[in-house]
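Have a look at the structure below, then the notes.
Numbering (this note's numbering), first residue to last: 1 to 676.
Shown next as structure tokens:
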């Protein structure tokens, strides 16, 4: 598979995801012409790209599906439940066709033939008598919707190496409406240096069309990474039919072989003056070469982003070494330079970090689809509501979070939300609700998944735990402690096993997966009211702001976002404290003496530091020998030697070249609480 095919798979995966999201939205609003056009446009892009890069199975299959939505777009067919069902099945099938050899699989080939048969039957069912009336309505609605688009397309010289002929793209572009094409030939070399396999020409096109600007962008979707491309709406009307405008742009081209945006604007203004007597408020509609209309985003490989983050991480470590050298050697002449580099490094770190973040809405489409399919399977009426879809997380966290969230949602649909008749008997609305909310909390992201279902029967959980000999029947436990038993491996209270859940391989896996990405998961439930699961995650796994401390002869890093305050106490105050409780600002604070907990021998210091950290809703003290100060820690993964040491989340290289272990304070407190 060549690099162009790999790039197509990457592009096509995004297009298929976008198609799924568009169809989900269309299901809620089946008469929305913009959504219908978007579905058609995505299918058209998949068909064209598949044919261009050798994925003929995708091209052929999408061609048939595209034909249906062309009929819908033209008013010959309506969006029905059957059509939506076929489209959702087709979305899943298209994902399998991303493997060029997919149709060699008998089951996939059978599915392909079945879907094409269903598509064909829908096309044959079009009511011709209704066609004329709807076409007339659409034609009437589309009157006076023409716009003039300026396109500048300068392909890479090597564009033809992969079999792409840029003239075909220009032809496809011109098929969208009336156009005038001007080639830029200033880069064509002398004949002695001319290479017929290279492309030296750029094109400037004035296009009058009724198509959305995204349709124009889609013509170039598979070559834009290797091309210089500008797409701008310059007028909300047909300028090419104006004789004066036509004459002027030809004159300009003859003189300069290119177009200046400011000159084009003045020509448009002249046309507007002519139209003023006929057109009202044209100036308000005119948008000329604005940033909003120019396609300015680019696609970057995630590998390149990973490489950038690695380089930034190395720079952070190097900058720390420089700062340490300046401080230890009292090189005052370098103080200002060192501070400047530190500031620039921090800005670069933050910028690179923001590039690696992606919104959680990238996961939400599959959750909408999952709930839709499961609701149909279990004959339940469920509304999925989301808030904070724009909240961003490190892409590695998104990847690690998807499966746990999928399982939580499956549980809510299968065991949480009741059938309609049961909900009505309980005085609830017939439609159940699953609510996902994401928001920032300090240097963390919190995701809450809440349902208004039957909740968890705590007495049943307690009884099941007693049967499994996990707890004693005589011991008293809080409701919270009982609910936390659900996270024990193999524990399940499901009365029946389904394909979705109830096999005892569930919430323990959810917790383990969340632990792996340094997150926490909390469960709350009230019978007949519902269940809420709260997941708390760090923004990134690569770089953290930490507090550098010393315990014995070893340096450690504590996550700074969990540190509240630091207090100095004499050693004997900790030694004489009753039940590891010390008074801090008039409040009793439990603490853990880490020298003892880490089995560190030797005489302690006379004055030690109490680091007050946040733990759930409480404040806990961690006693260390000394605090060095704040430190940007570049996290490095640990080897197999530390795989069973859950309290250590990673390591970092300090400015002097030594290693410091990064501690997970939540897991330290969990482990020490259990031990003590």
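Here a beta-carbon is modelled for each residue, glycine too, at the ideal position from N, C-alpha and C.
9 Å Cβ cutoff met for residue i and residue j
i: residue 612; j: residue 584; result: yes
i: residue 631; j: residue 557; result: yes
i: residue 677; j: residue 38; result: Examination of residue 677 is not possible in this model, given that the chain is present from 1 through 676 alone.
i: residue 30; j: residue 84; result: yes
i: residue 535; j: residue 624; result: no
i: residue 364; j: residue 392; result: no
i: residue 242; j: residue 273; result: no
i: residue 580; j: residue 591; result: yes
i: residue 605; j: residue 626; result: yes
i: residue 315; j: residue 349; result: yes
i: residue 465; j: residue 554; result: no
i: residue 404; j: residue 521; result: yes
i: residue 408; j: residue 533; result: yes
i: residue 170; j: residue 181; result: yes
i: residue 112; j: residue 123; result: no
Whole-angstrom distance between residue j and residue i, CA atom to CA atom
i: residue 567; j: residue 619; result: 13 Å
i: residue 574; j: residue 668; result: 19 Å
i: residue 317; j: residue 634; result: 7 Å
i: residue 94; j: residue 56; result: 12 Å
i: residue 664; j: residue 563; result: 12 Å
i: residue 129; j: residue 68; result: Reliability fails at residue 129, whose pLDDT of 39 lies under 50, so the model's placement of it is uncertain and the value that follows must be treated cautiously. Cα to Cα, the separation comes out at about 17 Å.
i: residue 7; j: residue 353; result: 24 Å
i: residue 645; j: residue 671; result: 11 Å
i: residue 337; j: residue 344; result: 11 Å
i: residue 108; j: residue 16; result: 17 Å
i: residue 420; j: residue 508; result: 30 Å
i: residue 603; j: residue 577; result: 18 Å
i: residue 323; j: residue 641; result: 32 Å
i: residue 148; j: residue 257; result: 20 Å
i: residue 76; j: residue 32; result: 15 Å
i: residue 621; j: residue 666; result: 12 Å
i: residue 139; j: residue 235; result: Reliability fails at residue 139, whose pLDDT of 48 lies under 50, so the model's placement of it is uncertain and the value that follows must be treated cautiously. One C-alpha to the other measures close to 21 Å.
i: residue 53; j: residue 164; result: 9 Å
i: residue 202; j: residue 185; result: 7 Å
i: residue 45; j: residue 60; result: 12 Å
i: residue 609; j: residue 469; result: 42 Å
i: residue 309; j: residue 346; result: 13 Å
i: residue 682; j: residue 552; result: Here the chain covers residues 1 to 676 and nothing more, so residue 682 does not appear.
i: residue 459; j: residue 422; result: 21 Å
i: residue 537; j: residue 600; result: 31 Å
i: residue 119; j: residue 106; result: 20 Å
Delimiting residues of the alpha helix (DSSP H) encompassing residue i
i: residue 367; result: 361–377
i: residue 49; result: 33–52
i: residue 399; result: 395–411
i: residue 664; result: Neither: residue 664 is in no alpha helix (DSSP H) and is coded neither H nor E.
i: residue 465; result: 458–467
i: residue 488; result: Premise fails: residue 488 is in no alpha helix (DSSP H) and is neither H nor E.
i: residue 512; result: 507–516
i: residue 595; result: 594–597
Run of the beta strand (DSSP E) containing residue i, from where it starts to where it stops
i: residue 318; result: Looking at the DSSP string, residue 318 is not in any beta strand (DSSP E); the run it does join, the alpha helix (DSSP H), is 302–329.
i: residue 345; result: Element bounds for residue 345: not the beta strand (DSSP E) but the alpha helix (DSSP H), 335–355.
i: residue 55; result: Residue 55 -> no beta strand (DSSP E), and no H or E assigned at all.
i: residue 477; result: Careful: residue 477 lies outside any beta strand (DSSP E) and carries neither H nor E.
i: residue 626; result: 626–634
i: residue 176; result: Here residue 176 belongs to no beta strand (DSSP E), and DSSP marks it neither H nor E.
i: residue 244; result: Taken as a continuous stretch (DSSP letters only), residue 244 belongs to no beta strand (DSSP E), being part of the alpha helix (DSSP H) at 243–256.
i: residue 558; result: 554–559
i: residue 237; result: Element bounds for residue 237: n/a, residue is neither H nor E.
i: residue 685; result: Residue 685 lies beyond the stretch modelled for the chain, which goes from 1 to 676, so this question has no answer here.
i: residue 649; result: 648–653
Beta-carbon separation (whole angstroms), residue i vs residue j, contact threshold 8 Å
i: residue 220; j: residue 249; result: Wrong, their Cβ atoms sit about 22 Å apart, outside the cutoff.
i: residue 252; j: residue 246; result: About 11 Å; that fails the 8 Å criterion.
i: residue 10; j: residue 222; result: That pair is no contact at about 10 Å.
i: residue 456; j: residue 531; result: 6 Å
i: residue 400; j: residue 226; result: Going by Cβ atoms, the distance from residue 400 to residue 226 rounds to 33 Å, so no, they are not a contact pair.
i: residue 650; j: residue 637; result: 6 Å
i: residue 115; j: residue 89; result: 6 Å
i: residue 158; j: residue 198; result: 7 Å
i: residue 570; j: residue 607; result: 6 Å
Three-pair Cβ contact test at 8 Å for the stretch 381–396 versus the stretch 435–452
yes
State whether the stretch 406–424 contacts the stretch 440–458, with contact taken as three or more CB pairs (one from each stretch) at a distance under 8 Å.
yes
Determine, using beta-carbon pairs with one atom in the stretch 202–220 and one in the stretch 172–185, whether at least three such pairs fall under 8 Å.
yes
Touch check for the stretch 39–49 and the stretch 63–79: three-plus C-beta pairs under 8 Å?
yes
Please confirm if the stretch 227–240 is in contact with the stretch 145–162, defined as three or more CB-CB distances below 8 Å between the two stretches.
yes
Count the C-beta pairs between the stretch 475–491 and the stretch 376–383 that are closer than 8 Å, then say yes if the count reaches three, no if not.
no
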